[in-house]
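**Student:** 390 is the number of the first residue of the sequence shown in this note's numbering; add one for each residue after it. We put the beta carbon where it would ideally sit given N, CA and C, even for glycine. This one's a predicted model, so the numbers in the text were calculated from it and none came from an experiment. Just passing along the structure, written as C-alpha cells.
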Amino acid sequence: MAGNIENIIARTFLDIARTLETGEAIGRPKIAITAMGSEHGEANALTGAVLAQSRGVDVTFIGTLQDDRVNCVKVATEEECHATMEKMVANGEVDGAVTMHYPFPIGVATVGRVVTPGRGKAMYLATTTGTSATDRVEAMVKNAIYGIISAKACGVQNPTVGIANIDGARQTEAALKSLQEHGYDIHFASSERADGGCVMRGNDVLTGAADVMVMDSLTGNLMMKMLSAFNTGGSYESLGWGYGPGIGEGYEPLVLIVSRASGSAVIAGALEFGGELVRGNYRKVAADEFAAAKKAGLNDIINARKAAAKPTAAAEEVKMPPKEVVTADISGVEIMELEDAVKVLWAAGIYAESGMGCTGPIILVAPPNKEKAVVILKEKGFSGE
Numbered sequence: 390m391a392g393n394i395e396n397i398i399a400r401t402f403l404d405i406a407r408t409l410e411t412g413e414a415i416g417r418p419k420i421a422i423t424a425m426g427s428e429h430g431e432a433n434a435l436t437g438a439v440l441a442q443s444r445g446v447d448v449t450f451i452g453t454l455q456d457d458r459v460n461c462v463k464v465a466t467e468e469e470c471h472a473t474m475e476k477m478v479a480n481g482e483v484d485g486a487v488t489m490h491y492p493f494p495i496g497v498a499t500v501g502r503v504v505t506p507g508r509g510k511a512m513y514l515a516t517t518t519g520t521s522a523t524d525r526v527e528a529m530v531k532n533a534i535y536g537i538i539s540a541k542a543c544g545v546q547n548p549t550v551g552i553a554n555i556d557g558a559r560q561t562e563a564a565l566k567s568l569q570e571h572g573y574d575i576h577f578a579s580s581e582r583a584d585g586g587c588v589m590r591g592n593d594v595l596t597g598a599a600d601v602m603v604m605d606s607l608t609g610n611l612m613m614k615m616l617s618a619f620n621t622g623g624s625y626e627s628l629g630w631g632y633g634p635g636i637g638e639g640y641e642p643l644v645l646i647v648s649r650a651s652g653s654a655v656i657a658g659a660l661e662f663g664g665e666l667v668r669g670n671y672r673k674v675a676a677d678e679f680a681a682a683k684k685a686g687l688n689d690i691i692n693a694r695k696a697a698a699k700p701t702a703a704a705e706e707v708k709m710p711p712k713e714v715v716t717a718d719i720s721g722v723e724i725m726e727l728e729d730a731v732k733v734l735w736a737a738g739i740y741a742e743s744g745m746g747c748t749g750p751i752i753l754v755a756p757p758n759k760e761k762a763v764v765i766l767k768e769k770g771f772s773g774e
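Following this line, the structure appears as C-alpha cells:
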C-alpha cells in the first residue's frame, strides 16, 4: 500500500501548509463504521477501527462492543446500526461512514480501490456496487468520471483511465474520446500489451496499467473480490481499501462500502479512504468534474446514443452483395451488434463479414472499402475505429 502511504504523507504536509497560511488547524476526518453484519464478527471491525484511529482518522464505532481507543456508539440491532449511521452523517456528527451494504439510488455507484498484485500499485475500480445508469455504456462513461473524481480527491493529479475489455468497452472509448476532443481533461492509459490502446486486457488489471479501470459494477464487484481475497482462499478479504464511496452528481452523503467478508486491514483501509476523500474536498472535486464533463458535451453524447436508431436483423431483409476477399478489419463494434453492423454495410452495397480478432470482435471488408465502411458505421451509431 505504498501509494496510500505517499498520499497520507502528502496530505499531512498539505494540512501543515494550510495551517501556516491561514492559521486554522485542519481537524482529523471523522468517519463512522457500522460493525454489525460482518461474517468475521464485530471484533474484526473493531480491530480495523482501532488501526485507522492510529493512522489519522477519528473513528466512531457503531455496534455492541466498547473500546476506549475509539468513540463507541452502542446499538442493539443491525437496523439500529444503520439508522444511527444515517442520522450521524445527516447531522454532520461525522464526515462520512463505512458500512457493509447500502441502498444507493440509481445514478450513484461506488469506486473501489485495490492493490494490484503485479506491482503492488493502487488502482481505482470504477465501479464496484450501485448503478450509475440503467444503460450499460452510459453507466461506464459515468463510471469513468466517478473514478477520476475519487482518484483526484485522493491526490492523484492526472489519473490515467483504462477501459476493461468487456461488452460496451469500444462504445465507452468512443464516448470518452469525444469528451476529450471537446475539452474534457481526461488522460488515457495505454495497455502494456504490445498492441497498446486504452482498452485494457486482464494482464493490465494485474499490473495496474491504469490509475482508474472502468467497467460495469457487476464486473467491478467480481474484480474487487478476487483482488482482495485471492491469497486467502476467498472467504476473507485481506487487501485493499474496500468497495469505495458512492459517487453521483448531486449526491451529498459520504458512504463507503466494505464487504461482509472484509477483514480488519480492509476495514481500516476503507476508513482511511474516507478520510482522504474528506481531506481532498471530494465534493468540490466532483462538482468541478461534472461541470467540465457537461461543458464538453456529456449530456449531448448520452442523448445522441439513446436517440440513435440502430437497425436490427429483423427490421428489413437485406440482400448480401457479391462476395469479395475481405482482409481489412474494423474493430470497435460490440459483439452483440456485429450482425446488425454487417447488414448495415450490406445495405450500402459493401460486402462484409463478422469475425473475432485477438483483441475482440471485428468486421472484415475489402481493403478499398474500409474507409467508407468506417464512416457508414459511425453515422449509423456503431462505434467503428
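Per DSSP, which residues does R502 bridge with? Please list them.
**Tutor:** In the DSSP output, where bridge partners are listed per residue, R502 has Y513.
**Student:** What does the alpha-carbon distance come out to for the pair L628 and E728?
**Tutor:** In a straight line, the C-alpha of L628 is about 42 angstroms away from that of E728.
**Student:** Can I765 and I719 be called in contact, C-beta distance under 8 angstroms?
**Tutor:** Not a contact, by the Cβ cut-off of 8 angstroms.
**Student:** For the alpha helix (DSSP H) holding F493, just list the boundary residues, first then last.
**Tutor:** Counting along the chain, F493 falls outside any alpha helix (DSSP H), and DSSP gives it neither H nor E.
**Student:** Taking C-beta to C-beta, are I691 and E527 nearer than 8 angstroms?
**Tutor:** Yes, these two residues count as a Cβ contact at 8 angstroms.
**Student:** Among the residues of its own chain, which have a CB less than 7 angstroms from the CB of R590, if the five just before and after it don't count?
**Tutor:** The residues are N554, S580 and R582.
**Student:** Which whole runs of the alpha helix (DSSP H) in the segment 558 to 636 are 4 residues long or more, in chain order?
**Tutor:** Within the segment 558 to 636, the complete alpha helix (DSSP H) runs of at least 4 residues are 558 to 570, 591 to 596 and 606 to 618.
**Student:** Give me, in chain order, the residues of the same chain whose beta-carbon lies closer than 6 angstroms to that of G437; leave out the 5 immediate sequence neighbours on both sides.
**Tutor:** So the qualifying residues of the chain are S653, I656 and A657.
**Student:** Rank A599, T716, N758 and V588 by C-alpha distance to the C-alpha of R508 and give the top, closest one.
**Tutor:** If we check each option's Cα against that of R508, A599 comes out closest.
**Student:** Which same chain residues, not among the five before or five after I538, have their C-beta less than 7 angstroms away from its C-beta?
**Tutor:** I636, Y671, V674, A675 and E678, listed in sequence order.
**Student:** Which whole-angstrom value is the C-beta distance of G496 and E665, which I expect to be below 8 angstroms?
**Tutor:** Not confirmed; about 23 angstroms, so no contact.
**Student:** Could you pull the start and end residues of the beta strand (DSSP E) that D447 belongs to?
**Tutor:** That run of the beta strand (DSSP E) goes D447 to G452.
**Student:** Starting from D677, follow the alpha helix (DSSP H) in both directions and report where the run begins and ends.
**Tutor:** Y671 to K684 is the extent of the alpha helix (DSSP H) around D677.
**Student:** Following the continuous alpha helix (DSSP H) through G663, name the residue where it begins and the one where it ends.
**Tutor:** Counting along the chain, the alpha helix (DSSP H) containing G663 begins and ends at S653 to R668.
**Student:** Report the CB separation of V483 from T449 in whole angstroms; it is logged as a contact under 8 angstroms.
**Tutor:** With 8 angstroms as the limit, V483 and T449 qualify as a contact, their Cβ atoms being about 6 angstroms apart.
**Student:** Quick one: give me the first and last residue of the alpha helix (DSSP H) that D689 is part of.
**Tutor:** D689 -> alpha helix (DSSP H) spans L687 to A696.
**Student:** Can you tell which of G445, G452, T488 and E475 has the C-alpha that lies nearest to the C-alpha of A650?
**Tutor:** Here the closest residue by C-alpha is T488.
**Student:** Judging by CA-CA distance, which residue of M512, L568 and C543 is the nearest neighbour of T596?
**Tutor:** Answer by Cα proximity: M512.
**Student:** Take the Cβ of S624 as the centre, count every other Cβ of all protein chains shown within 10 Å, and call the residue buried at 16 or more, exposed below.
**Tutor:** By the 10 Å Cβ count, S624 comes out exposed.
**Student:** Going by DSSP in three states, P757 sits in which element: helix, strand or coil?
**Tutor:** Helix.
**Student:** Count the other CB atoms, across all protein chains shown, that sit within 10 Å of the CB of V503; report buried if there are 16 or more and exposed otherwise.
**Tutor:** Result: buried.
**Student:** With DSSP as the reference, label V550 as helix, strand or coil.
**Tutor:** Of the three classes helix, strand and coil, the one that applies to V550 here is strand, per DSSP.
**Student:** What does the alpha-carbon distance come out to for the pair T466 and T423?
**Tutor:** Whole-angstrom Cα-Cα distance: 11 angstroms.
**Student:** For a cutoff of 8 angstroms on Cβ pairs, would you count V550 as touching chain B?
**Tutor:** The chain labelled as chain B is not found in the depicted structure, where only one protein chain is given.
**Student:** Return the residue from the list H490, E469 and A696 that minimises the CA-CA distance to G633.
**Tutor:** The shortest Cα separation from G633 among H490, E469 and A696 belongs to H490.
**Student:** Measure the beta-carbon distance from Y573 to A682 and round it to whole angstroms, keeping in mind my assumption that it falls under 8 angstroms.
**Tutor:** Sure, about 5 angstroms apart at Cβ, within 8 angstroms.
**Student:** Below 7 angstroms, is the gap between the Cβ of H471 and the nearest heavy atom of the ligand MG?
**Tutor:** This structure lacks the ligand MG; in fact it carries no ligand of any kind.
**Student:** Going by Cα to Cα distance, which pick from S443, H471 and A434 is closest to Q455?
**Tutor:** Per the Cα distances, A434.
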